[in-house]
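Chemist:
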Amino acid sequence: MAHEIGTDESNGKNMSPIFIRRVTLRHFKSIEKCAVDLASLSILVGANGSGKSNFVDALCFVRDALRESLDYAFRHRGGIAEVRRRSGGHPTNMGIRLDFVLDATTGYYAFEIKALPNGGYEVRREQCRISGEGSTHEFNVESGDVTLCSVRPYPAAVKDRLYLVNASGLPQFRPIYDALKMMGFYNLNPNLLRDLQEPDEGILLDKYGGNLASVIARMERAGDNRLQRVTEYLTRVAPGVHGFKFKPVGPKHSLEFRQDVEGQASPWTFWSGSMSDGTLRALGVLMAVFQRDRDARVSLVAIEEPEAALHPAAARVLLDSLIETSANVQILLTSHSADMLDREEVRADNILAVENSRGVTRIGPVDDGAREALRQNLLSAGELLRQGQLTPDPKLFEKPALQYELFA
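Numbering (our numbering), first residue to last: 494 to 901.
(1) Roughly how many whole angstroms lie between the Cα atoms of Lys674 and Ile844?
(2) Only counting the same chain, and skipping five residues up and downstream in sequence, which positions put a Cβ closer than 8 Å to that of Pro510?
(3) Taking the C-alpha atoms as reference points, what is the distance between Leu815 and Gly736?
(4) Near Asn504, what residues of its chain come up, given a Cβ to Cβ distance below 7 Å and the 5 sequence neighbours on each side ignored?
(5) Compare the C-beta of Pro760 against all C-beta atoms of chain D and say whether one is closer than 8 Å.
(6) In three-state terms, what does DSSP make of Thr674?
(7) Using a Cβ-Cβ cutoff of less than 6 Å, which residues in the same chain neighbour Lys663 once the five nearest sequence positions on both sides are dropped?
(8) CA-CA distance, Tyr920 and Leu872?
(9) Just verifying my parser: in three-state terms, what is the DSSP assignment at Asp653?
(10) How is Ala795 classed by DSSP in three states: helix, strand or coil?
(11) Quick one: residues in its chain with C-beta nearer than 6 Å to the C-beta of Pro692, no 5 flanking neighbours on either side, listed in chain order?
(12) Going straight from the alpha carbon of Asp886 to that of Gly862, what length do you get?
(13) Is it buried or exposed, Met494, if we count other Cβ atoms within 10 angstroms and call 16 or more buried?
(14) Going by Cα to Cα distance, which pick from Glu635, Leu720, Cys527 and Ile796 is closest to Ile589?
(15) Could you tell me the alpha carbon to alpha carbon distance between Arg719 and Ile709, rounded to whole angstroms?
(16) Just mark Glu798 as buried or exposed, buried being the case when its beta carbon has 16 or more other beta carbons within 10 Å.
(17) How would you label Ala650, buried or exposed, when you count the other beta carbons within 10 angstroms and need 16 or more for buried?
(18) Under the three-state reduction of DSSP, which class applies to Gln690: helix, strand or coil?
(19) What number of angstroms, rounded off, separates the C-alpha of Arg620 from the C-alpha of Phe604?
(20) Using only alpha-carbon positions, find the residue among Gly627, Thr640 and Gly572 that is nearest to Pro610.
(21) Is the distance from the Cβ of Lys545 to the Cβ of Val847 below 8 Å?
(22) Rounding to the nearest angstrom, what Cα-Cα distance links Leu773 and His569 in this structure?
(23) Can you round the beta-carbon distance between Arg617 and Lys607 to whole angstroms, since I take them to be within the 8 Å contact cut?
(24) Identify whether Pro648 lies in helix, strand or coil by the three-state DSSP scheme.
(25) Could you tell me if Pro744 is buried or exposed, where buried requires 16 or more neighbouring beta carbons within 10 angstroms of its beta carbon?
(26) How is Met712 classed by DSSP in three states: helix, strand or coil?
(27) Ordered along the chain, which non-local residues of its own chain (more than five positions away) have a Cβ less than 6 Å from that of Glu635?
(28) Between the Cα of Leu883 and those of Leu559, Asp860 and Ser580, spot the shortest distance and give me the residue it belongs to.
(29) In terms of residues, what are the limits of the beta strand (DSSP E) holding Gln620?
(30) In this structure, does DSSP put Asp501 in helix, strand or coil?
(31) Please check the pair Ala795 and Leu834, which I expect to be a contact at CB under 8 Å, by giving their CB distance rounded to whole angstroms.
(32) In terms of residue numbering, what span does the beta strand (DSSP E) encompassing Gln721 cover?
(33) Between the alpha carbons of Leu727 and Val734, how many angstroms are there, rounded?
(34) For the alpha helix (DSSP H) containing Asp861, name the first residue and the last one.
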């Protein structure tokens, strides 16, 4: 039976796993400006080079700047000159705003960064506001000066760091800091999934899958029944694979698979080094969306081209798993696979169309014609993509600049 997006069939109740409900960007890489709403499952659809990955990387930039440091987030991307978009040759400030829903609270977190000579930068302004359960807490920081903080005493600020890192020591702001830090971003590398892996705590699968065995080991120790669900999906994606389990190899970690072999009555065991790219990537995607930890809640999972290296039929099975898990965790995908989108469950609200014109990325929901075709089940999202009809609604870009404001 098909899963309805945003519905948990285990209890029949409609749920809202949405964490980031709206993303506003200014001058980030190829994106001059955008303001888009996210659903429980959002799929960025567009041609290669259109800017899908840049949108995802804006969210990853926030995660990296909080988990590591702002300096790390820029250096990891080649410096501020590679991140901040210049408009018409003139200097511009890059900015990000995330409107969120977190348990019983709502709010937003936003910052604007100014470039300085010789590759330097400063956080020109940073705001956070959290409201719920009868209270509101907020801070505002301008060029290293805390001009407002509802909690006292509050920590000092500096110009070259995000203040939310310091404010995470205050219990009022800690939940949003933890949630942003626990966003997961994935561009899975079959070679890293295949190789012997360095052990770690296995709390969160890393971007390329280099700690997959550790994540599985942690879930095995916890007796997590979600591993059985992963196995069921993997068997459908790669018929003949009966299961997998963690295996230590000296000081390293690996995985052992059970797979049918022609002429043999029982499945044989194989190390991950013998498995296909498609099988390993599928397992990585499944673990990314099914991973859980009682001490570390995964707030959002973003995956680049989950259908890569998979047969179209297998890609559609994988989409089943993404629809199912979107009832519990917010999922963001990039794709240009029409085959994977050939599902009636994929509606207009799940699609964000991306296009690039003269080096500028535009992102938005699809136009009225495509939306109506999907609503009436006249065409699937995959069929619209094949016909070139999944493009951003041009009316959205006629709205006033107020739509793209970062700060309240």
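Here a beta-carbon is modelled for each residue, glycine too, at the ideal position from N, C-alpha and C.
Modeler: On the basis of the coordinates in this document:
(1) Whole-angstrom Cα-Cα distance: 25 Å.
(2) Correct list, in chain order: Gly499, Ser533, Ser819, Ala820, Asn821, Val822 and Gln823.
(3) Roughly 20 Å between the two C-alpha positions.
(4) Residue placement at Asn504 is flagged as unreliable, the pLDDT there being 41, under the threshold of 50; the coordinate-derived value follows with that caveat. Nothing listed; no residue qualifies.
(5) Going by chain labels, chain D is absent from the structure shown, which holds only one protein chain.
(6) It should be noted that the sequence gives Lys, not Thr, for residue 674. The DSSP-derived three-state label of Lys674 is helix.
(7) Checking the displayed sequence, the identity of residue 663 turns out to be Leu instead of Lys. Same-chain partners within the cutoff: Val644.
(8) Nothing can be reported for residue 920: it is not among the residues displayed for the chain, which extend from 494 to 901.
(9) In the three-state reduction of the DSSP assignment, Asp653 falls in the coil class.
(10) In this structure, Ala795 counts as strand in the three-state DSSP scheme.
(11) Counting only Cβ-Cβ distances below 6 Å, and skipping sequence neighbours, we find Ser707 and His746.
(12) Here the C-alpha atom of Asp886 lies approximately 9 Å from the C-alpha atom of Gly862.
(13) Any reading at Met494 is ruled out, since the residue's pLDDT is 39, under 50, leaving its predicted position unreliable.
(14) Looking at the Cα atoms, Cys527 is the closest of the given residues.
(15) The straight-line gap from Cα to Cα measures roughly 10 Å.
(16) The residue in question, Glu798, is buried, as its Cβ has 16 or more Cβ neighbours within 10 Å.
(17) Around the CB of Ala650, 16 or more other CB atoms lie within 10 Å, so the residue is classed as buried.
(18) Three-state result, Gln690: strand.
(19) Before going on, a small fix: residue 620 reads as Gln here, not Arg. Cα to Cα, the separation comes out at about 6 Å.
(20) Pro610 has its Cα closest to that of Gly572, out of Gly627, Thr640 and Gly572.
(21) Less than 8 Å divides the Cβ of Lys545 from the Cβ of Val847.
(22) Cα to Cα, Leu773 sits roughly 26 Å from His569.
(23) For Arg617 against Lys607, the beta-carbon gap comes to about 4 Å, under 8 Å, which counts as contact.
(24) When DSSP states are grouped into helix, strand and coil, Pro648 belongs to the coil group.
(25) Exposed, since its Cβ has fewer than 16 Cβ neighbours within 10 Å.
(26) In the three-state scheme derived from DSSP, where H, G and I count as helix and E and B as strand, Met712 is classed as helix.
(27) Within its own chain, the residues whose Cβ lies closer than 6 Å to the Cβ of Glu635, once the five positions on either side in sequence are excluded, are Arg618, listed in chain order.
(28) When only C-alpha atoms are compared, the closest one is Asp860.
(29) Counting along the chain, the beta strand (DSSP E) containing Gln620 begins and ends at Tyr614 to Gly625.
(30) Residue confidence for Asp501 is low, a pLDDT of 46 falling below 50, so the modelled location carries little weight; the figure read from the coordinates is stated next. DSSP places Asp501 in the strand class (E or B) of the three-state scheme.
(31) Not a contact, Cβ separation roughly 17 Å.
(32) First-last for Gln721: Arg719 to Val730, but that is the alpha helix (DSSP H), not the beta strand (DSSP E).
(33) Between Leu727 and Val734, the C-alpha separation is close to 7 Å.
(34) Asp861 to Arg868 is the extent of the alpha helix (DSSP H) around Asp861.
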